[in-house]
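Student: Before we start, here is the structure in question, set down as structure tokens.
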Amino acid sequence: MWKLELDENYFRIFDSKKQIAGYFDPDYGEIYPPEKETELIEQMHKNREKVNGGLIMVPMLKFGIFDSDYESNITGLQKQIDLVNERLFNWKKFLSEINNHAHSIRISHTDQDMLSITIPFKFSKPTPLDKNEILNEIKSILDLMHKRDLV
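Numbering follows this note's numbering, in which position 111 of the sequence shown is assigned residue number 817; successive positions increment by one, without gaps.
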């Protein structure tokens with residue numbers, strides 16, 4: 707169902723419809739010297755070095771009201787806010803279920819009407835920088851998000 711593709715120093719996560727579902731940013735550890743970060747990360751990928759986890763970034767919720775041409779009435783606005791609250795509740799329940807309190811939420815870099823959530827994820831074991839190996843590690847959380855209708 708899921709597919710990863712390397713894009714510079716992170717992986718794009720694609721769903722079964724070949725749509726971008728999110729991103730995985732490996733934790734490369736302390737990179738020194740910082741000015742050679744790109745070169746050193748490329749070398750880490752080439753050598754299939756092992757990492758302990760990283761950050762999963764996915765769209766969290768779309769408000770549907772912050773577009774410049776948005777127009778509604780009070781009933782329509784209330785309905786949209788109720789949908790946002792329901793989705794927010796589902797995310798809160800999911801984060802509690804996976805016992806994650808270290809996430810962060812930001813405005814999406816591609817859509818000012820959307821929030822994205824970043825969830826730290828620790829692998830079960832040090833894992834090579836290989837898209838199939840990493841997918842094996844993050845598949846369970848992606849499947850759970852999909853089952854909960856979050857992605």
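The beta-carbon is built from N, C-alpha and C at its ideal position, and this holds for glycine as well. As the structure is a computational prediction, the values presented were derived from the model and not from experiment.
(1) Could you tell me the distance, in whole angstroms, from the CA atom of M763 to the CA atom of P732?
(2) Helix, strand or coil for M820 per DSSP?
(3) Are the region 723–730 and the region 783–792 touching by the rule of at least three beta carbon pairs closer than 8 Å?
(4) Among K723, I719, G760, K853, which has the Cα closest to the Cα of F827?
(5) Let me check one thing: in DSSP terms, what residues is T833 bridge-paired to?
(6) Buried or exposed for S822, going by 16 or more other Cβ atoms inside 10 Å?
(7) How long is the line joining the alpha carbons of F769 and D855, rounded to whole angstroms?
Tutor: Well, looking at it:
(1) Translated into the one-based positions of the sequence shown, residue 763 becomes position 57. Translated into the one-based positions of the sequence shown, residue 732 becomes position 26. Approximately 11 Å, taken between the alpha carbons.
(2) Within the sequence shown, numbered from 1, the residue matching residue 820 stands at position 114. Note: M820 maps to strand in three-state DSSP.
(3) no
(4) Residue numbering aside, residue 827 sits at position 121 when the sequence shown is read from its first letter. Nearest C-alpha to F827: G760.
(5) Here the question's residue 833 lines up with position 127 in the sequence shown. BP columns for T833 point to V757.
(6) Taking the sequence shown and counting its residues from 1, one reaches residue 822 at position 116. Buried, since its Cβ has 16 or more Cβ neighbours within 10 Å.
(7) Numbered from 1 along the sequence shown, position 63 holds the residue referred to as residue 769. Numbered from 1 along the sequence shown, position 149 holds the residue referred to as residue 855. Cα to Cα, F769 sits roughly 17 Å from D855.
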